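K.L.:
Numbering (the working numbering), first residue to last: 53 to 173.
Using N, Cα and C, we set each Cβ at its ideal position, and we do this for glycine too.
Model, not experiment: these values are computed from the prediction.
If you scroll down you'll find the structure; I have some questions about it.
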């Protein structure tokens, strides 16, 4: 009976460790390494990335939520550290400019096609 209880305990502990590891990796993939431009913490081996990985692991071990961890990192390093920055008044132009460029491009193509079509007639 003790063996069965011990096995159940090990299975539960292993599952918890796997979940924690998966959670760490998911957070690492969403955080940008500020030293290695364009790389996530998961992809980077810089000293900065390794330090942040330790901080994130410590925060997970302290049972902080993902939201608390992201808030800590954003408060310390700014929105740039996130690969998917939130929409705010200060970042609204970053979200709108690509849409405006796309609409302008379609408008120019439409005018060019209609001009060519009228010219051929």
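(1) Use the C-beta contact count for residue 68: other C-beta atoms within 10 angstroms, 16 or more gives buried, fewer gives exposed.
(2) Use the C-beta contact count for residue 162: other C-beta atoms within 10 angstroms, 16 or more gives buried, fewer gives exposed.
(3) Looking only at its chain, what residues have a beta carbon closer than 8 Å to the beta carbon of residue 168, apart from the 5 residues adjacent to it on each side?
(4) For residue 133 and residue 139, which I take to be in contact (beta-carbon distance under 8 Å), what is that distance rounded to the nearest angstrom?
(5) Could you say which of 91, 105, 87 and 90 lies nearest to residue 73 if we only look at CA atoms?
(6) Can you check whether the CB of residue 122 is closer than 8 Å to the CB of residue 111?
P.N.:
The short version:
(1) Only weak support is given to the placement of residue 68: the predicted model assigns it a pLDDT of 49, under 50, and the question is left unresolved by the model.
(2) By the neighbour-count rule (16 or more Cβ atoms within 10 Å), residue 162 is not buried but exposed.
(3) none
(4) That pair is no contact at about 16 Å.
(5) 105
(6) Residue 122 sits away from residue 111, with the two beta carbons spaced by 8 Å or more.
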